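A short worksheet on the structure shown next.
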Amino acid sequence: MQLNLFEDNTALSEKDELIALRRELEEHNYNYYVLNRPTISDKEFDDKMHRLQLLEQQHPELFDPNSPTQHVGSDLQKNAGFKQMAHKYPMLSLANTYSEQEIKDWYQRVVKDLGGIAPDVVCELKYDGLSISLWYENRKLTHALTRGDGTKGDDVLQNILTIKSIPRYVDDITAPENFELRGEVLLPWAAFEKINKQREENEEPLFANPRNAASGTLKLQNPEEVARRGLTAYLYYFLTDKQLFDTHYDSLQTAKQWGFNISEAIRLCHSLDEIMQFINYWDTERKYLPVATDGIVLKVNELRLQEQLGFTAKSPRWAIAYKFQAEKQLTVLEKITYQVGRTGVITPVANLKPVQLSGTTVQRATLHNADFMASLQLHEGDKVWVEKGGEIIPKITAVERASNLPPSEYVSPFPTRCPCCNTPLLRDPEQAAWYCPNEDGCPPQIKGKIEHFVARKAMNIDGLGTETIDLLFEQQLIANIADIYKLTENDIARQERLGVKSAQNILASIEASKSVPWARVLFALGIRFVGETTAKKLSRVFTDIDSLKAATIEQLCAVEDVGEQIAQSIINYFKSDKNIAIIEQLQQAGLQFSLTDDEKNSLLPQSDLLQGKTIVISGTFSLHSREEYKLMIEQHGGKNGSSVSKKTDYILAGDNMGPAKLQKAQELGVKLINENEFLTMIS
Ligand code: IVH
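Under numbering that gives the first Met the number 0, the first residue of the sequence shown is numbered 0, with each subsequent residue one higher.
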């Protein structure tokens with residue numbers, strides 16, 4: 000029967016709502032799975048999805064197989080460089096709920112659908128990462144597909160091979176030759192914090208949570224970088240053409256014996272009570288786990304019963320996820336302030352009416368950048384939801400707008416001038432950031448550069464903390480990093496809470512910093528995007544400041560990990576007369592602006608065993624780092640090639656060699672040598 004929508008106002012508005020929800024949810028799927036930048040909380044997304052499901056049930060005439068209720072969110076990216084492959088079995092999602100009552104309802108429905116059988120249920124943790132499907136052929140890992148759109152996924156095998164807990168081969172001959180194991184790829188909290196710390200140092204945008212960081216990592220085209228980031232994986236779903244097991248529980252316990260990483264936190268439950276106990280236990284205990292979890296997954300244990308229950312278009316009827324509520328509070332966004340970082344990047348900060356969250360008082364939250372602010376349509380005076388879903392940094396996940404504002408006032412305008420020095424701001428086209436270009440005259444930038452300069456990993460000058468730097472700056476005793484070397488005992492000793500003893504210690508530490516090696520001096524200069532590792536790599540190629548100053552973009556880009564953005568930033572740095580003057584003063588003070596003789600000696604040729612040979616390095620190594628191998632090639636008279644060509648004599652191939660390089664090597668007949676063969680060649 001055709002519903003007359005125009006005579007039924009309720010139906011008309013519900014139809015509009017339904018269509019708007021479909022569009023909105025598709026957009027959120029894209030933000031979450033492709034951009035890794037969700038703009039609403041998981042709970043809000045799930046609530047909208049449930050509302051859409053309800054509307055679709057009430058309006059079956061509006062059924063659309065393309066609705067987000069009928070397919071899983073897709074993480075496929077065009078031109079991402081991965082080969083796409085069809086899944087052997089569709090890769091589905093899970094129905095979910097936040098309510099214990101709905102878990103009971105689900106169980107009762109299952110019992111009813113099974114004609115009165117009350118099945119055992121396996122309870123597992125719901126890991127918050129991204130799903131992966133591992134294919135073993137002849138017991139060898141041959142493909143690793145992301146979920147993609149559920150029917151096809153990206154083959155990210157090279158990146159998955161960097162995960163130590165995933166076996167490349169299964170030695171146990173009791174395992175079938177061909178099978179599939181699905182699970183979740185995760186970035187442990189500790190690794191997530193380390194990456195974000197590094198990104199903060201380099202003033203790169205931070206990952207909002209470990210899931211986004213894991214997803215961004217798995218989609219990198221650089222297995223060595225993936226290996227460095229330290230992903231891990233838990234596996235939770237075994238599939239074969241021939242049924243080998245009677246129960247899901249047995250399949251996982253056996254996979255564990257074959258060497259797979261199966262969580263210990265699994266319980267075979269025989270009643271609803273046991274299920275609830277498991278849920279309640281892990282709701283608090285999960286906070287101590289090394290990886291992020293966002294709920295519990297319940298699965299009917301017996302595979303025969305699973306088959307009987309079957310699937311909907313999007314999820315199995317034999318499973319459901321109970322999701323934990325992220326801890327959150329509603330509070331008032333009192334004021335938005337703007338912080339200026341050492342490289343001038345402006346970070347908006349939400350100043351909140353203090354609230355208690357996970358045992359701490361929260362009164363500030365980062366708003367990341369102008370785009371993030373605009374996506375939430377933030378305005379001072381709005382009520383905002385603050386969440387601490389396990390992440391260290393509290394985040395604003397949603398807004399309850401102070402009602403009667405006209406749309407034009409929804410968004411607090413991002414400043415056009417620097418809040419500290421009033422210089423007109425510029426937008427960095429590469430990033431979502433606005434920055435103040437007045438690097439020599441903007442106080443937080445100057446003080447930030449000094450703080451960076453004295454930091455432990457840079458010049459390691461003790462005793463010059465933020466407060467002391469503030470005091471010395473305000474009294475115009477230091478206006479740049481070179482002024483540190485002009486400080487006298489009296490300058491320091493007369494500062495509040497300092498005295499002669501502290502002044503002497505600080506001066507001794509300043510003196511000691513004069514022998515800090517060139518690589519760290521280069522890092523300490525605070526050139527935008529030149530982090531600790533990049534400085535180290537640059538210092539080996541450009542062994543003194545003069546050669547670095549004279550380097551062209553091409554020469555800089557030839558250094559490993561240096562791209563155009565970093566190269567351009569170095570060139571810009573040396574264009575400033577002020578920077579040149581500071582470097583001259585630092586040179587006069589006696590800092591190390593070149594490699595020491597010892598350092599140089601270690602770089603000198605040691606033989607000509609590789610004379611005339613061009614070697615390309617690819618993959619990850621266990622005996623030495625790539626950097627060390629590069630150096631060894633040069634020390635023995637060889638040349639490091641960046642890409643495989645007819646001129647390449649050898650490829651020094653480690654684990655997870657890039658597929659493009661491998662194919663090229665095969666086409667051109669270039670010989671592959673491993674670490675041991677290379678070390679024998681030069682010994
Ligand atoms: S079972 C056919 N078990 O949650 C169902 N999924 O929101 C196969 N997830 O796509 C999935 N932990 O990426 C299963 N113990 C677990 C899980 C789990 C996390 C993820 C998985 C799935 C998503 C659904």
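Note that beta-carbon positions come from the ideal geometry of N, C-alpha and C, so glycine has one too. Given the structure is predicted, the values throughout are model-derived calculations rather than measurements.
Consult DSSP for residue i and reduce its assignment to one of helix, strand or coil.
i    : result
R519 : helix
E16  : helix
K599 : helix
L489 : A quick correction: the sequence has Asn, not Leu, at residue 489. If DSSP states are grouped into helix, strand and coil, N489 belongs with the helices.
P423 : strand
C556 : helix
V453 : helix
P353 : strand
W433 : strand
P347 : strand
V540 : helix
A174 : coil
L463 : coil
A264 : coil
K163 : coil
S575 : coil
E735 : Shown here, the chain extends from 0 to 682; a query on residue 735 therefore has no answer.
A659 : helix
I616 : strand
N279 : helix
L590 : coil
K193 : helix
D607 : coil
G389 : Reliability fails at G389, whose pLDDT of 48 lies under 50, so the model's placement of it is uncertain and the value that follows must be treated cautiously. In this structure, G389 counts as coil in the three-state DSSP scheme.
D654 : strand
I131 : strand
K535 : helix
L377 : coil
G115 : coil
N504 : helix
A550 : coil
K334 : strand
Can you tell me which of the options puts its alpha carbon nearest to the alpha carbon of residue i?
i    : options                : result
N158 : A174, L180, A232, D439 : A232
G464 : P436, L34, N421, S508  : S508
G182 : I162, A189, I194, Y168 : I162
L91  : G80, D112, T68, D104   : T68
T239 : L186, E179, D293       : E179
Q591 : S624, A518, Y628       : A518
R416 : V296, K42, G343        : G343
I295 : R146, Q307, I265       : I265
P187 : I116, K382, T292, G618 : T292
G147 : G525, E399, V33, F541  : V33
L425 : V339, L486, D127, E399 : V339
E101 : N177, V120, K322       : K322
D46  : P428, G636, Y97, N504  : Y97
M48  : D74, I18, R36          : I18
T346 : G530, M631, S164, F413 : F413
L329 : F277, A397, F310       : A397
V529 : R198, I172, I477       : R198
C419 : D427, P428, D439       : D439
Does the ligand COA have even one heavy atom less than 7 Å from the beta-carbon of residue i?
i    : result
Y126 : This structure lacks the ligand COA; its bound ligands are the ligand IVH.
What distance in whole Å lies between the Cβ atoms of residue j and residue i, which are believed to be in contact at a cut-off of 8 Å?
i    : j    : result
A534 : L521 : 4 Å
V184 : L243 : Actually they are not in contact, since the Cβ atoms of V184 and L243 sit about 25 Å apart, beyond 8 Å.
K125 : A320 : 5 Å
P166 : G258 : 5 Å
Q83  : K151 : 5 Å
V383 : R363 : The Cβ separation is near 12 Å, so there is no contact.
A481 : L585 : 5 Å
R341 : G525 : 6 Å
D245 : E301 : 7 Å
S514 : G462 : That pair is no contact at about 18 Å.
Quick one: is residue i near chain C, going by C-beta distance under 8 Å?
i   : result
H27 : Within the model displayed, chain C is absent; a lone protein chain is all it includes.
(message) Give the list of continuous beta strand (DSSP E) stretches no shorter than 3 residues that lie fully inside the stretch 283 to 330.
(response) 292 to 299, 318 to 322
(request) Entirely within the stretch 68 to 113 and at least 4 residues each: give me those alpha helix (DSSP H) ranges in chain order. (result) 99 to 112
(request) Entirely within the stretch 135 to 160 and at least 3 residues each: give me those beta strand (DSSP E) ranges in chain order. (result) 139 to 145, 151 to 154
(message) My parser needs the alpha helix (DSSP H) runs of 4 or more residues fully inside the stretch 204 to 239; what are they?
(response) 209 to 217, 222 to 228
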